[in-house]
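Just so you know, the sequences run in chain order A and B.
Here the first sequence is numbered in numbering that gives the first Met the number 0, starting from 0 and rising by one per residue.
Here the second sequence is numbered in numbering that gives the first Met the number 0, starting from 0 and rising by one per residue.
Okay, structure first, notes after.
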Amino acid sequence: MHLSRFMTVHEDRPAFVIVGILAVVWVVVYNNLQPIADWLTYSLLGLNPDSPIGEALNFFVYDVPKLLLLLSGMIFFITLLQTFIDTEKVRALVERRGEGIGNVMASLFGAITPFCSCSSVPLFIGFVQAGIPLGITFSFLITSPIMNEVAFVMLLGLFGWEVALLYLASGIIIGVIAGLVLGRLKLERYVEPFVYQIRAKRVQTGVEADKPTWAERFGQAADSTREVVGKVWLFVIIGIGIGAFIHGFVPEDALTGIMGEDAWWSVPAAVLLGIPLYSNAAGVIPIINALLGKGAALGTALAFMMAVVALSLPEMIILRKVLKPRLIAIFVAVVAASIIATGFLFNLVV
Amino acid sequence: MLQVKVLGSGCANCKRLETETRGALDAEGIAYTLEKVTDYADIVAYGILSTPGLVMNEQVKSAGRIPKRQQIVEWATQLKAGK
């Protein structure tokens, strides 16, 4: 036992060295992307920096590697963090709190834990079984899909850390408020009755007690990163391609009239438009970024994005297994209203 | 005979877990039966909160992730040795 403990500590060292070297390479490359892009478009291809083609191409060859690097690095970090958290632990922590603090904690955890829509039903049942109030369960179920790690990184890369943090904070606040409202509405009777009848077997969970080593955590994070980036890289490139085109060719202020701050109706319109769209954030954000440059307002754009990721048809079809249609309708209405309010707030503040 | 259950409603990860498990156990020549549990009531009865879940001889081995093949084989051999 002592020997094996010693062995794992010893075995972790190469993993730390590899991760450290990769981190240094990452920083060096990341900080030299603009000169490389300039050299490529203006010197090598001899394009004029003021021409639409030159501008669009420079934008493209700078943003694609930048975002792919940022995605790989940040997703690695986030998934590494996630190896320390699992939903069973979250449930145990939230279980003991009442309304209010419980909503905040559920929403916070919802922001960090990875979300998969096919897990939302077992999660819902598990929370309800543990006696966690419906409102707190919803706080988790609302923030979890809104806070998408890819969306967070894309915002960080294209808009800067202020906007990324604003997104994080508003996702958490929307979950808390919508959860509190839904909790007050006493909606238990709209939950399918079978949820309350299931009894969990007491089963052994042998392996989870074993603490993973750092090498294993790094390995898991690397696997998840490969998977996430593998899924979205093409959307990133296509999105940035469209964004680059808008950047270079669409006239400034073309969108001020329909997506600008003065058009008050644009926020609800963007949310309504976003609900049926089931797209991943990776493709949407570069386009939004380009639209912003042409006079669209940030709140409108963010509201659109949150509606796209948080309220999707497949998600509702899955939730239908445990919720009656009435509750789904209320759920959508409350979340949509919160997102609209956030959009207005952003347009006012920023 | 090892009794394996894959818990999940049929999403992409659940299918991958099944493929990985079959691949790992087949490669080691371990005899097993595999059952897919897709009903939510049955899934949650195992006390897991995230899918896919892997159950061997009625013990929950993993939830919410796809374990490495090597790990799957390790669990299987441990269970066989325990018998």
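Virtual Cβ for every residue (Gly too), placed ideally from N, Cα, C.
Ordered along the chain, which non-local residues of its own chain (more than five positions away) have a Cβ less than 7 Å from that of PHE343 (chain A)? VAL266 and GLY298
Is the CB of GLY229 (chain A) under 7 Å away from at least one CB in chain B? no
Comparing alpha-carbon positions, which option in A:LEU181, A:PHE244, A:GLN219 and A:ILE111 lies nearest ARG325 (chain A)? A:LEU181
Is there a Cβ of chain B sitting closer than 7 Å to that of THR136 (chain A), yes or no? no
If you follow the beta strand (DSSP E) that ALA177 (chain A) is in, where does it begin and where does it stop? No beta strand (DSSP E) holds ALA177 (chain A); the alpha helix (DSSP H) holding it covers 160 to 183.
Please determine, among A:PHE330, A:ALA328, A:ILE338 and A:ILE286, the residue with the shortest C-alpha to C-alpha distance to MET305 (chain A). A:ILE338
Run down chain A in chain order and give the residues with a C-beta less than 9 Å from the C-beta of LEU48 (chain B). ASP85, THR86, GLU87, VAL89, ARG90, SER118, PRO121, LEU122, ILE124, GLY125 and PHE126
By Cβ distance, which residues of its chain are closer than 7 Å to ALA220 (chain A), with the 5 residues on each side in sequence left out? PHE75, THR78, LEU79 and THR82
By how many angstroms is the C-alpha of LEU92 (chain A) removed from the C-alpha of ILE84 (chain A)? 11 Å
Identified DSSP bridge partners for GLU54 (chain A): BP columns for GLU54 (chain A) are empty, so no partner.
For LEU107 (chain A) and ILE171 (chain A), believed in contact at Cβ under 8 Å, the rounded distance: 6 Å
For LYS320 (chain A), the nearest candidate out of B:THR37, B:GLN69 and B:PRO66 (CA to CA): B:THR37
Please confirm whether VAL43 (chain B) has its beta-carbon closer than 7 Å to some beta-carbon of chain A. yes
Hey, would you say ILE286 (chain A) sits closer than 7 Å to ILE316 (chain A), going by beta carbons? no
Just checking, does the segment 49 to 60 of chain A make contact with the segment 133 to 153 of chain A on the three C-beta pairs under 8 Å criterion? no
Reference LEU360 (chain A); option with closest CA among A:LEU43, A:TRP263, A:ALA36 and A:ARG183: Residue 360 (chain A) lies beyond the residue range present for chain A, which begins at 0 and ends at 349; the question has no answer from this structure.
Specify the secondary structure class of LEU80 (chain A) as computed by DSSP and reduced to three states. helix
Integer-rounded CB distance, given that THR50 (chain B) should sit under 8 Å from SER369 (chain A): Shown here, chain A extends from 0 to 349; a query on residue 369 (chain A) therefore has no answer.
If we call anything under 7 Å between Cβ atoms a contact, is ILE141 (chain A) one with GLY174 (chain A)? yes
So that I know if they touch, is there some Cβ in chain A lying closer than 7 Å to that of TYR39 (chain B)? yes
Run down chain A in chain order and give the residues with a C-beta less than 9 Å from the C-beta of GLY81 (chain B). In chain order: nothing, as chain A lies at least about 10 Å away.
By Cβ distance below 7 Å, which residues in the same chain neighbour ALA14 (chain A) in space, the five residues on each side in sequence not counted? TRP213, ALA214 and PHE217
So, helix, strand or coil for SER311 (chain A), using DSSP? coil
If we define contact as Cβ-Cβ less than 7 Å, is ILE197 (chain A) a contact residue for chain B? yes
In chain order, what residues of the segment 311 to 326 of chain A put their CB closer than 7 Å to some CB of chain B? LYS320
Name the two residues that bound the continuous beta strand (DSSP E) containing TYR31 (chain B). 31 to 36
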